[in-house]
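Read through the structure below, which is laid out as structure tokens, and then see the notes.
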Amino acid sequence: MPDLSSIAPSIAADLPSLGALGPAVAIVAFSAVFRGFTGFGFAIIAVPLLSLAMPPILAVSLSAGLQLLGGLMDVRSASRLCHWPSVRWLAAGAVVASPLGTLLLARLSPDLARLFLAAACGAAVIALASGFGFRGLAGRWATLGAGVLSGLFNGLAAMPGPPALAYYLAMPLQPAQVRSSLMVFFLLSAVLSTGSLVAVGAIGRAETVLILAGLPLMLVGSRIGAALFRRAGGAHRGISLATLALVALLTAARGLNGLLSTGP
137 MPDLSSIAPS
147 IAADLPSLGA
157 LGPAVAIVAF
167 SAVFRGFTGF
177 GFAIIAVPLL
187 SLAMPPILAV
197 SLSAGLQLLG
207 GLMDVRSASR
217 LCHWPSVRWL
227 AAGAVVASPL
237 GTLLLARLSP
247 DLARLFLAAA
257 CGAAVIALAS
267 GFGFRGLAGR
277 WATLGAGVLS
287 GLFNGLAAMP
297 GPPALAYYLA
307 MPLQPAQVRS
317 SLMVFFLLSA
327 VLSTGSLVAV
337 GAIGRAETVL
347 ILAGLPLMLV
357 GSRIGAALFR
367 RAGGAHRGIS
377 LATLALVALL
387 TAARGLNGLL
397 STGP
């Protein structure tokens with residue numbers, strides 16, 4: 137068999153230094169609170185911000201692993217209200233496209249990857265702010281297409297959220313059903329992205345240790361975010377949009393600065 141680990145650069149040499157661990161801990165904690173507060177969005181926040189302190193492929197690996205572990209703790213309750221017909225077709229599209237996104241990530245320069253991450257984050261802002269919607273439940277092909285886009289974002293950035301959010305915000309479903317469906321789909325996406333990252337050598341022993349170390353932050357932050365949501369009521373949507381827009385701008389600025397500084 138071919139050595140798939142040669143597709144991705146060696147990650148061990150690029151693990152965050154002691155000076156970067158403090159910001160990484162703060163970013164994971166904040167992203168977990170955001171996830172609990174909004175019901176989605178851990179990777180949308182964590183990947184762009186972590187990519188400011190470490191190589192993007194490592195940021196994606198940590199986010200994918202933490203999403204997988206965090207999703208496992210919520211899947212029992214979410215599966216009761218999940219809209220399974222849509223989740224199945226979204227997952228089918230993601231299965232096809234997620235490995236392709238991972239291969240693309242392994243070949244991109246860090247600064248170009250940051251620009252893709254910023255674009256994904258900006259797409260989430262547009263999806264949340266737009267008011268379009270389906271008149272009825274989306275058809276099979278529309279759902280499959282949304283799954284393919286989510287899979288590409290998932291493999292590239294462990295971030296299936298923007299296409300999936302746009303799809304479910306356009307669906308005439310109850311908010312609780314939308315939230316539960318997204319949680320289940322994000323868990324399935326995390327399984328795909330984590331498996332792809334392991335296959336290309338981006339997640340090894342060192343990355344696994346970092347993922348497990350971040351699990352308590354994921355658990356506590358999610359609980360804090362859920363408590364804040366119960367107190368904030370409808371204010372969470374505006375706060376989410378403002379936060380996502382800021383993250384997109386910061387990440388795009390970092391990527392553009394890197395590309396321009398290495399130019400001729």
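Numbering (the numbering used here), first residue to last: 137 to 400. Ideal placement from N, C-alpha and C gives every residue a C-beta, glycine not left out.
Presumed contact (8 Å Cβ cut-off) between residue i and residue j, rounded CB distance
i, j, result
"Leu328", "Ala230", "6 Å"
"Gln203", "Phe178", "6 Å"
"Ser316", "Ala214", "4 Å"
Straight-line gap, residue i to residue j (C-alpha atoms, nearest Å)
i, j, result
"Ala302", "Ala263", "5 Å"
"Asp247", "Leu292", "13 Å"
"Ala195", "Val211", "24 Å"
"Arg367", "Ile360", "11 Å"
"Leu382", "Ile163", "14 Å"
When the options are compared against residue i, the one with the closest alpha-carbon
i, options, result
"Ala378", "Ala179, Met354, Cys257 and Phe252", "Cys257"
"Ala233", "Ser222, Gly287 and Leu292", "Gly287"
"Gly394", "Phe289, Leu240, Thr174 and Ala249", "Ala249"
"Ala388", "Leu188, Leu351 and Ala265", "Leu188"
"Ala362", "Cys218, Thr174, Phe166 and Ala160", "Thr174"
"Gly272", "Leu305, Ala265 and Leu240", "Leu305"
Proximal residues to residue i (C-beta, below 8 Å), its chain only, five neighbours per side dropped
i, result
"Val284", "Gly229, Ala230, Val232 and Ala233"
"Ala282", "Leu226, Gly229, Ala274, Pro299, Ala300, Ala302 and Tyr303"
Residue j beta carbon less than 8 Å from that of residue i
i, j, result
"Thr238", "Val336", "yes"
"Ile347", "Gly201", "yes"
"Met209", "Leu318", "no"
"Phe365", "Pro308", "no"
"Arg171", "Ser358", "yes"
"Ala182", "Ser199", "yes"
"Ala217", "Ala312", "One point to set straight first is that residue 217 is Leu, not Ala, in the sequence displayed. Yes. Within cutoff."
Other residues of its chain near residue i: CB distance less than 6 Å, five sequence neighbours each side excluded
i, result
"Thr344", "none"
"Ser222", "Thr279"
"Ala384", "Ala254, Cys257 and Gly258"
"Ile339", "Ser197 and Leu333"
Sequence-distant residues of its chain with Cβ nearer than 7 Å to residue i (five each side left out)
i, result
"Leu380", "Ile180, Cys257, Ala260 and Val261"
"Pro192", "Pro246, Ala249, Arg250 and Leu253"
"Asn290", "Ala230, Ser234, Gly237, Pro296, Ser325, Leu328 and Ser329"
"Leu140", "Note on Leu140: pLDDT 39, under 50, position unreliable in the model; the coordinate value appears next. Answer for Leu140: Ala335, Val336 and Gly337, listed in chain order."
"Ser146", "Residue confidence for Ser146 is low, a pLDDT of 45 falling below 50, so the modelled location carries little weight; the figure read from the coordinates is stated next. Contacts found: none."
"Gly350", "Val164, Leu198 and Leu202"
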